[in-house]
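The structure appears right after this line, and notes come after that.
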Amino acid sequence: MRLKSLEIVGFKSFSKKTALEFGVAISAVVGPNGSGKSNIAEAVRFVLGEQSFKSMRGKRGEDFIFSGSQNTGRRNQAKITITFDNTDRAFNLDFDEVILSREVFRDSSNQYCINNSQVRLKDIIELLSSVHIGASSHHIISQGEADRILSVSPKERKEMIEDALGLKIYHWKINESEKKLIKTSENLKEVELLRREIAPHLKYLKKQIEKIERTRSLRDELAKLYKEYLQRENIYLQLNKTRVSRDTQLLQKEAEQLKEELSTLNTVAPRAVSENALLDEASVFQKQLYTTREKKNELLREIGKIEGMMEYEKREREKNQENKNSNTDTDLRVEIYEVEKFIKNLEKIIQVPDSAPYEDLKLVLEKIRNSITIFYQTHKGEKDQEPDKDQTAPSIDLQKEYHILQQAFADIIEQEKQLIEKNQTTQLVIEKNKNEARDTERILYEKKAQLSIVETKIETLQNEEVRYHEEAEEFETEIREGLVIVGSQIKEFHQYVIDEQAVLMEDRKEQENRRRQISVLKIRIENLSGGVGEETLKEYDDTKERDEFLAKEITDLEMSAQSLQKIITDLQKQLNEDFTSGITNINKQFQNFFSLMFGGGQASLFVTTDTKNKKSKNGQENEFLKELDTEDEDKKTGIDVSVSLPLKKIKGLVALSGGERALTSIALLFALSQVNPPPFMILDETDAALDEANSRKYGDMLENLSKFSQLIVITHNRETMSRAGILYGVTMDASASSTLLSVKFEEAEKIVK
Ligand code: ATP
Numbered sequence: 028m029r030l031k032s033l034e035i036v037g038f039k040s041f042s043k044k045t046a047l048e049f050g051v052a053i054s055a056v057v058g059p060n061g062s063g064k065s066n067i068a069e070a071v072r073f074v075l076g077e078q079s080f081k082s083m084r085g086k087r088g089e090d091f092i093f094s095g096s097q098n099t100g101r102r103n104q105a106k107i108t109i110t111f112d113n114t115d116r117a118f119n120l121d122f123d124e125v126i127l128s129r130e131v132f133r134d135s136s137n138q139y140c141i142n143n144s145q146v147r148l149k150d151i152i153e154l155l156s157s158v159h160i161g162a163s164s165h166h167i168i169s170q171g172e173a174d175r176i177l178s179v180s181p182k183e184r185k186e187m188i189e190d191a192l193g194l195k196i197y198h199w200k201i202n203e204s205e206k207k208l209i210k211t212s213e214n215l216k217e218v219e220l221l222r223r224e225i226a227p228h229l230k231y232l233k234k235q236i237e238k239i240e241r242t243r244s245l246r247d248e249l250a251k252l253y254k255e256y257l258q259r260e261n262i263y264l265q266l267n268k269t270r271v272s273r274d275t276q277l278l279q280k281e282a283e284q285l286k287e288e289l290s291t292l293n294t295v296a297p298r299a300v301s302e303n304a305l306l307d308e309a310s311v312f313q314k315q316l317y318t319t320r321e322k323k324n325e326l327l328r329e330i331g332k333i334e335g336m337m338e339y340e341k342r343e344r345e346k347n348q349e350n351k352n353s354n355t356d357t358d359l360r361v362e363i364y365e366v367e368k369f370i371k372n373l374e375k376i377i378q379v380p381d382s383a384p385y386e387d388l389k390l391v392l393e394k395i396r397n398s399i400t401i402f403y404q405t406h407k408g409e410k411d412q413e414p415d416k417d418q419t420a421p422s423i424d425l426q427k428e429y430h431i432l433q434q435a436f437a438d439i440i441e442q443e444k445q446l447i448e449k450n451q452t453t454q455l456v457i458e459k460n461k462n463e464a465r466d467t468e469r470i471l472y473e474k475k476a477q478l479s480i481v482e483t484k485i486e487t488l489q490n491e492e493v494r495y496h497e498e499a500e501e502f503e504t505e506i507r508e509g510l511v512i513v514g515s516q517i518k519e520f521h522q523y524v525i526d527e528q529a530v531l532m533e534d535r536k537e538q539e540n541r542r543r544q545i546s547v548l549k550i551r552i553e554n555l556s557g558g559v560g561e562e563t564l565k566e567y568d569d570t571k572e573r574d575e576f577l578a579k580e581i582t583d584l585e586m587s588a589q590s591l592q593k594i595i596t597d598l599q600k601q602l603n604e605d606f607t608s609g610i611t612n613i614n615k616q617f618q619n620f621f622s623l624m625f626g627g628g629q630a631s632l633f634v635t636t637d638t639k640n641k642k643s644k645n646g647q648e649n650e651f652l653k654e655l656d657t658e659d660e661d662k663k664t665g666i667d668v669s670v671s672l673p674l675k676k677i678k679g680l681v682a683l684s685g686g687e688r689a690l691t692s693i694a695l696l697f698a699l700s701q702v703n704p705p706p707f708m709i710l711d712e713t714d715a716a717l718d719e720a721n722s723r724k725y726g727d728m729l730e731n732l733s734k735f736s737q738l739i740v741i742t743h744n745r746e747t748m749s750r751a752g753i754l755y756g757v758t759m760d761a762s763a764s765s766t767l768l769s770v771k772f773e774e775a776e777k778i779v780k
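Using the working numbering, you'd call the opening residue of the sequence shown number 28 and step up by one each time.
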């Protein structure tokens, strides 16, 4: 990087556009007093962003604008442009030339540009600090300012030296970091305060959320239970309803069938009528039999009467027989025959089955039969004696009548027999019918009983149906209640997988238990009164998120503070190291230059301590900054100068003559420039107080310095002029405006004179 040129328009005494080229190592500006030489040095300060008007001998912005003269009007603005060669890219800008300009207007406003682009002052300062130059740096030594390095306080001197060593950037960085640290610390306090403020609310919300979460968990449990309960209930009701409906249908069919059967069986009832007819018929037969038997008895009586009459005749004849000795055997035989026949008939009658109603008659007949049998047995032997038929035979008429009666009796017996048979047949039919009727009746009763059972079952099923219907309504109510407390997920109970048979097999008490558990959970949820709490949940999430954000912010800020603290510590350390090594190097050069100037002697810088200055720059007791107030920092608060002239006993600056003081300050300034050479230096009449011999030494040092830094010297000194590669002569023209011209050495001398 190299200083190429300077252009001045309207600045102080330079009303016209004036340009200086700095193509050589040493450029000198010469001219009579008051011609405007120092204005050039100030123009450089000005364009480099100097803010101290005092250092440029002004009070306000318009003091730097050409104020005019008797012949020339004033200007309304002043503009300085300085051009640097940047082919080495010392400035971190991708331009071969870096052109800085500053304009000042009468209203004291300023305008800065870098390569014709308007920028802020800050941009100019940052750009220049990157190459260790600045408006107030030691590389611009104003008129009478050379001595300043000796006359300032140790603290100011330290700052000047640090600036010269290029350590100002550390201070600037430390300062920036400290500002950031303070800001960070303030932010940290604010954030901690904010976090403390929301903490109770967050705690409250957390409790609410815990309640909500407990409620939610209970609600989930309830939903699970509800789903199982509802699905079981659903299956139970569906299956039972289906069963009841199916069974009812089947039973109704069965009932219909039974009714049909009963109806069919009832049609058999008319048979009773025919049964009555049969009974009537039997009754007729009985009557006929009775009549027949009456007739038979009549006949028997008739026969008996005839037999009596015949017996009488017989006896009469026997009497006659006795008389006639004749027997009546024949009559007895007939008698026996008839008795036997009669007995047989009686036996037939007696043997009639089911003759209960005639039991008395039978007994009478039995007795008759026995009597006859006995009679017969008694008289049988007599018959066997074969009596004389002729003697015992009855009359023909009686015999005839007897035969007729016998015949009639035989007929009536036959008639009776037929009637008995008919009666028996009728009785059998009646009996059979009775049996059949009994069977039918039995079946009828059975069917009726079955129907009654079936109807009872149907009734039971219908009762069941009513119950299931009521339970189904209850079930719907339960779903609605579930919806209110658990939400729509309750509707998903169908998804609950369970074996249908297992549901049917299960004891209903289990469902009762589940229902009870549901009630218990509902009560617990209601007692928690955690509600759905969507808003609370959101508020909690937001607050928690904010708390976490603040916590993270605190961590970040603490880390940032730590990192800044480390940066500051590192910078401080680096500063201390560079400062210590810089002082050592300066002292070497200072000693060299001092010896050169004074032909011996001792000169050095030393660090002084100022224990009063313990507070940070911002005067705040910052906990992070406290650590920076190291013991070293406290001690190294200033720099003092120690000189010891050769051959003289006097020591210390106060004892030096004006020239000695000037030489000492030059030695120190040059030592500083030697250790950390600035890109350029402007020395405004630094050599003013030097005698000829010292001027030569000064000239030598200039040449030596110019190897490292471009030099612009403003001088009246011939020796100094002789070392310059280019000489600019400044004169004040008739219009009180400075005029610049490049001159040769000889001309320069003339100009000066
Ligand atoms: P010396 O050799 O005595 O130090 P010099 O050459 O350095 O003198 P300067 O100090 O640069 O002279 O210039 C001072 C001159 O500039 C004064 O004459 C002063 O009137 C003039 N000057 C200062 N400010 C203005 C201004 N705003 N307008 C016009 N002229 C000004």
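A virtual CB, placed ideally from N, CA and C, is assigned to each residue, including glycine.
From a predicted model like this one, the values you see are computed outputs, not experimental measurements.
Residue range of the unbroken beta strand (DSSP E) whose run includes residue i
{"i": "D714", "result": "Per DSSP, D714 belongs to no beta strand (DSSP E) and is neither H nor E."}
{"i": "G756", "result": "753-759"}
{"i": "K106", "result": "104-112"}
Which listed residue (the options) has its alpha carbon closest to that of residue i
{"i": "L690", "options": "A630, A282, S310", "result": "A630"}
{"i": "T269", "options": "A304, L488, S212", "result": "L488"}
{"i": "Y197", "options": "Q170, K474, K322, S156", "result": "S156"}
{"i": "P181", "options": "K678, L632, Q258, Q313", "result": "L632"}
{"i": "E371", "options": "Q477, Q701, K444", "result": "According to the sequence provided, residue 371 is Lys. The question's Glu does not apply to it. Cα-wise, what sits closest to K371 is K444."}
{"i": "R38", "options": "E89, L30, N60", "result": "Strictly speaking, residue 38 in this sequence is Phe, with Arg absent from that position. Nearest of E89, L30, N60 to F38, Cα basis: E89."}
{"i": "I262", "options": "I525, Q737, D174", "result": "I525"}
{"i": "T607", "options": "Q454, P704, I666, Q592", "result": "I666"}
{"i": "A763", "options": "Q97, S65, M83", "result": "Q97"}
{"i": "M728", "options": "V513, F80, F620", "result": "F620"}
{"i": "Q235", "options": "N603, R543, A682, E561", "result": "E561"}
{"i": "L75", "options": "V36, E48, L148", "result": "L148"}
{"i": "V681", "options": "L754, S178, E224", "result": "S178"}
8 angstroms CB neighbourhood of residue i in its chain, flanking five on each side removed
{"i": "F122", "result": "N113, N142"}
{"i": "T766", "result": "K43, T45, V757, T758, M759, D760"}
Integer Cβ distance of residue i from residue j, believed to fall under 8 angstroms
{"i": "P706", "j": "M28", "result": "5 angstroms"}
{"i": "L455", "j": "I333", "result": "L455 to I333, Cβ: 38 angstroms. No contact."}
{"i": "L584", "j": "N214", "result": "6 angstroms"}
{"i": "A55", "j": "M748", "result": "5 angstroms"}
{"i": "R87", "j": "S135", "result": "5 angstroms"}
Own chain residues within Cβ distance below 7 angstroms of residue i, not counting five before or after
{"i": "G95", "result": "R101"}
{"i": "V158", "result": "M28, A117, F118, P706"}
{"i": "L699", "result": "H165, I188, A191, I613"}
{"i": "P227", "result": "none"}
{"i": "S733", "result": "A52, I53"}
{"i": "Q616", "result": "A698, Q701, V702"}
{"i": "L390", "result": "none"}
C-beta atoms of residue i and residue j nearer than 8 angstroms
{"i": "S42", "j": "F93", "result": "yes"}
{"i": "G756", "j": "A716", "result": "no"}
{"i": "E730", "j": "R750", "result": "yes"}
{"i": "L264", "j": "Y523", "result": "no"}
{"i": "I709", "j": "V218", "result": "no"}
{"i": "V125", "j": "T742", "result": "no"}
{"i": "E527", "j": "L266", "result": "yes"}
{"i": "Q170", "j": "V131", "result": "no"}
{"i": "K212", "j": "A588", "result": "The amino acid occupying residue 212 in the given sequence is Ser; Lys does not appear at that position. Cβ atoms of S212 and A588: closer than 8 angstroms."}
{"i": "I457", "j": "L305", "result": "yes"}
{"i": "I506", "j": "L278", "result": "no"}
{"i": "L326", "j": "A476", "result": "no"}
{"i": "S671", "j": "P704", "result": "no"}
{"i": "Y472", "j": "I330", "result": "no"}
Run of the alpha helix (DSSP H) containing residue i, from where it starts to where it stops
{"i": "D667", "result": "Run containing D667: none in the alpha helix (DSSP H); it sits in the beta strand (DSSP E), 665-671."}
{"i": "I517", "result": "I517 -> no alpha helix (DSSP H), and no H or E assigned at all."}
{"i": "I92", "result": "That residue, I92, is in no alpha helix (DSSP H); it is neither H nor E in DSSP."}
{"i": "F7", "result": "What is shown of the chain runs 28 to 780, which leaves residue 7 out entirely."}
{"i": "Y263", "result": "195-293"}
Cut-off 6 angstroms between Cβ atoms - residues of its own chain near residue i, not counting five sequence neighbours on either side
{"i": "K662", "result": "Annotation note: pLDDT 46 at K662 (below 50); position unreliable, no value reported."}
Contact test: residue i Cβ vs the ligand FAD heavy atom, cutoff 7 angstroms
{"i": "A763", "result": "Inclusion of the ligand FAD in the displayed structure is not the case, the ligand content consisting of the ligand ATP alone."}
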